[in-house]
Amino acid sequence: MRDNIVQDLRQLLDAENAAIINGDFHVLDSLAANKLALFQRLHDADIPQTDLRRIARDIQKNQSLLGAAIKGVAAARARILALRDVRHGLQVYDHTGQFADLPVARPELLKKA
Numbered sequence: 145m146r147d148n149i150v151q152d153l154r155q156l157l158d159a160e161n162a163a164i165i166n167g168d169f170h171v172l173d174s175l176a177a178n179k180l181a182l183f184q185r186l187h188d189a190d191i192p193q194t195d196l197r198r199i200a201r202d203i204q205k206n207q208s209l210l211g212a213a214i215k216g217v218a219a220a221r222a223r224i225l226a227l228r229d230v231r232h233g234l235q236v237y238d239h240t241g242q243f244a245d246l247p248v249a250r251p252e253l254l255k256k257a
């Protein structure tokens with residue numbers, strides 16, 4: 145029985161790992177309930193330390209990947225916001241050292257007949 149729990153949990157953690165790597169974050173939500181049930185079964189079972197260490201390594205690997213994905217999304221969001229701000233104008237320092245807004249002139253389109 146304990147082998148089934150360990151095997152099932154490691155398969156779930158592998159699926160979670162693949163979902164994170166592939167960016168299929170919607171899959172993580174569907175794995176969560178099953179993961180919780182397996183952890184509850186794991187808590188009640190007598191599992192060897194070697195298996196528990198392997199499971200802990202898999203969990204840590206997935207946490208690291210998920211943390212990196214979150215940082216990547218935050219960096220991309222910040223970059224998009226910065227690019228959007230540039231379209232509206234630039235913030236520069238004036239001759240007194242204060243921030244000044246420098247509007248961006250939009251080029252006029254010339255229609256030639």
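So the sequence shown is numbered by the numbering used here: it starts at 145 and just counts up by one. We put the beta carbon where it would ideally sit given N, CA and C, even for glycine.
Nearest to residue 206 by C-alpha distance, out of 149, 161, 176 and 246, is 161. Contact check for residue 165 and residue 210: beta-carbon distance about 10 Å, past the 8 Å limit, so the pair fails to qualify. As the crow flies, the alpha-carbon of residue 245 is around 6 Å from that of residue 236. Closest in C-alpha terms to residue 154, from the list 215, 176, 256 and 199, comes 199. With a cutoff of 8 Å on beta-carbon distance, residue 175 and residue 149 are scored as not near each other.
Pairing residue 156 with residue 179 gives a Cβ-Cβ distance under 8 Å.
Contact between residue 248 and residue 231 holds: CB atoms are separated by about 7 Å, below the 8 Å threshold.
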